[in-house]
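These notes are about the structure you will find just below.
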Ligand code: ADP
Ligand code: 5GP
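In the numbering used here, the protein residues as written are 4 to 194.
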């Protein structure tokens, strides 16, 4: 039996700073059989980020070569950098029967849904735009110019999120993790 048929792909998105990474970390601690897809990006690594663990960090030229050679399941430009998911990587994970989660932005998520209609799209929303900005700034990982670029993406992301299957508000962290668990478990037990 092709194990691909029994595996659903879960795609999580949310504006920069909403807490996707934090919610997913909590989810993965409680559900260690799930794995997070490793994307390619042209952005510079943040302090502590490791190539091949957090991302595959590529030059713009290498990224463009991958686009030209049709290597990506999806890719998008976000706040001045390119991000993409390699087809080969996802197919390999699904063939190995892994429960895989993609944490990608909205344009890429909708490309995935087009190609894999069974993929489940979950949007992590902030309790308010003020809270979102405060979290993004409070993380202290981006300079002001980058923060502005990321905030400029929010409106378009919220619009595309209307096409998602689920929405989880990350207000209380524990509740958001539990809600994500409920959604994923529910989808996995659906016929
Ligand atoms: P993202 O991955 O969406 O860019 P992060 O997971 O890096 O966001 O979280 C951004 C900041 O918000 C971090 O400092 C994190 O600790 C904080 N954060 C995450 N979830 C919550 C929450 N529910 N309440 C308050 N702060 C949060
Ligand atoms: P960051 O630079 O904060 O790690 O990520 C910025 C945005 O890029 C986030 O919304 C994140 O979900 C998204 N992202 C990460 N990997 C991918 C990917 O492979 N494809 C797409 N389309 N977006 C991605």
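The C-beta atom is built at its ideal place from N, Cα and C for all residues, glycine as well.
Residue 20 sits close to residue 139, with the two beta carbons spaced by under 8 Å.
In the pairwise beta carbon analysis, the stretch 150 to 170 is classified as not touching the stretch 49 to 63: fewer than three pairs are separated by under 8 Å.
In the three-state reduction of the DSSP assignment, residue 56 falls in the coil class.
For the 8 Å CB-CB criterion, residue 40 and residue 127 do not form a contact. In the three-state reduction of the DSSP assignment, residue 111 falls in the helix class.
With a 10 Å radius around the Cβ and a threshold of 16 neighbouring Cβ atoms, residue 131 comes out exposed. In this structure, residue 175 has its beta carbon less than 7 Å from a heavy atom of the ligand ADP. In the displayed model, residue 171 falls within a strand according to three-state DSSP.
Excluding sequence positions up to five before and after residue 108, its CB lies within less than 8 Å of the CB of 16, 79, 81, 86, 156, 160, all in the same chain and listed in chain order.
DSSP lists no beta-bridge partner residue for residue 98. Between the alpha carbons of residue 142 and residue 165 lies a gap of roughly 27 Å. Taking 7 Å as the cut-off, one finds no heavy atom of the ligand 5GP near enough to the beta carbon of residue 140. Counting the other Cβ atoms within 10 Å of the Cβ of residue 137 gives fewer than 16, which makes it exposed.
Going by beta carbons, residue 123 and residue 168 fall inside the 8 Å limit.
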